[in-house]
Amino acid sequence: AQKVTQAQTEISVVEKEDVTLDCVYETRDTTYYLFWYKQPPSGELVFLIRRNSFDEQNEISGRYSWNFQKSTSSFNFTITASQVVDSAVYFCALSEWKGAQKLVFGQGTRLTINP
Amino acid sequence: GAVVSQHPSRVICKSGTSVKIECRSLDFQATTMFWYRQFPKKSLMLMATSNEGSKATYEQGVEKDKFLINHASLTLSTLTVTSAHPEDSSFYICSASVLAGTYEQYFGPGTRLTVT
Chain A
1 AQKVTQAQTE
11 ISVVEKEDVT
21 LDCVYETRDT
31 TYYLFWYKQP
41 PSGELVFLIR
51 RNSFDEQNEI
61 SGRYSWNFQK
71 STSSFNFTIT
81 ASQVVDSAVY
91 FCALSEWKGA
101 QKLVFGQGTR
111 LTINP
Chain B
1001 GAVVSQHPSR
1011 VICKSGTSVK
1021 IECRSLDFQA
1031 TTMFWYRQFP
1041 KKSLMLMATS
1051 NEGSKATYEQ
1061 GVEKDKFLIN
1071 HASLTLSTLT
1081 VTSAHPEDSS
1091 FYICSASVLA
1101 GTYEQYFGPG
1111 TRLTVT
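If you read the sequences in order, they're chains A and B.
Everything in the first sequence is counted per my numbering, starting at 1 for the first residue and increasing by one.
Everything in the second sequence is counted per my numbering, starting at 1001 for the first residue and increasing by one.
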């Protein structure tokens, strides 16, 4: 069975600090997808990234970066120079590779960026 | 990017009544749509997988007679909460998967249901 664990329930930092959100996953599949979503107070899920299990290269998009380590089954997310607008709940998720597959979500990490 | 809409965005209903939530893919066809439920400050849990033209597949513990899912076309799936009770109050989110290729999923904005 697939499982995603986000051990950090809540994180609070001061603006401009860097912050890393941890994600550890379990799956028996050799190929799969990993995701990160942002959920602001409005509730709508905002897609951040989808990474396939073949590609272990780290990815950077502006202030966001992701570190995928297949050896430790982790897919961590770092926000550099955090801003108040980054405050939200962040979910890590996992899906199978083939076809249209359901997402298994982690518990979420509530990130608060204080001015 | 692809757009998925949900209607209504918010609904308040009385206990014992039924509520229908629509999920539409606006600019693409979706053979498969998923329905998730999210309790306050909790994660999203899959309720069911909806396939166009066939019966939905429900996750363990989800009552199929209570949460009726219909996927009559490639752009519309509906979730009907029958005989709603206060414990059904939740945030319901759908997602739609592109027909082929990368099967990317796009999420709707969610529907907040409150049963009084």
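Glycine included, C-beta positions come from ideal geometry on N, C-alpha and C.
- B:Lys1066 vs B:Thr1082 beta-carbon contact at 8 Å: Counting from 1 along the second sequence, the entry for residue 1066 of chain B is found at position 66. Counting from 1 along the second sequence, the entry for residue 1082 of chain B is found at position 82. In contact: B:Lys1066 and B:Thr1082 (Cβ atoms closer than 8 Å).
- Runs of beta strand (DSSP E) lying entirely within the region 1032-1067 of chain B, each at least 3 residues, in chain order: With a minimum length of 3 residues, the continuous beta strand (DSSP E) runs that stay inside the region 1032-1067 of chain B are 1032-1038 and 1044-1051.
- Message: Taking the beta carbon of A:Val46 as the centre, do at least 16 other beta carbons fall within 10 Å, making it buried, or is it exposed?
- Response: Here residue 46 of chain A is taken as the residue at index 46 of the first sequence, counted from 1. Classification for A:Val46: exposed.
- Task: Give me the Cα-Cα distance between B:Val1062 and A:Thr80, rounded to the nearest whole angstrom.
- Result: Counted from its first residue, the second sequence places residue 1062 of chain B at position 62. Counted from its first residue, the first sequence places residue 80 of chain A at position 80. Rounded to the nearest angstrom, the two C-alpha atoms are 40 Å apart.
- Message: Distance check for A:Arg50 and A:Asp29, CA to CA, integer angstroms please.
- Response: In the first sequence, counting from the first residue as 1, residue 29 of chain A sits at position 29. In the first sequence, counting from the first residue as 1, residue 50 of chain A sits at position 50. Going from the Cα of A:Asp29 to the Cα of A:Arg50 covers about 17 Å.
- Along the chain, where does the beta strand (DSSP E) that runs through A:Glu26 open and close? Indexing the first sequence from 1 puts residue 26 of chain A at position 26. Counted as a single uninterrupted DSSP element, the beta strand (DSSP E) harbouring A:Glu26 occupies residues Val24 to Glu26.
- Message: With the cut-off set at 8 Å, would you say B:Ala994 and B:Val1004 are in Cβ contact?
- Response: Past the edges of chain B, shown from 1001 to 1116, lies residue 994 of chain B, and the structure says nothing about it.
- Query: Can you tell me the Cα-Cα spacing of B:Asn1051 and A:Lys98, whole angstroms?
  - Reply: Residue numbering aside, residue 1051 of chain B sits at position 51 when the second sequence is read from its first letter. Residue numbering aside, residue 98 of chain A sits at position 98 when the first sequence is read from its first letter. Each residue's alpha carbon lies about 16 Å from the other.
- Query: How would you call A:Leu94, buried or exposed, if buried means at least 16 neighbouring beta carbons within 10 angstroms?
  - Reply: The count along the first sequence starts at 1 and reaches residue 94 of chain A at position 94. A:Leu94 is buried by the Cβ-count criterion.
- Task: Verify the CB distance criterion: does B:Pro1109 have a CB-CB separation below 8 Å to chain A?
- Result: Position 109 of the second sequence, counting from 1, holds the residue named residue 1109 of chain B. It does; some Cβ of chain A falls within 8 Å.
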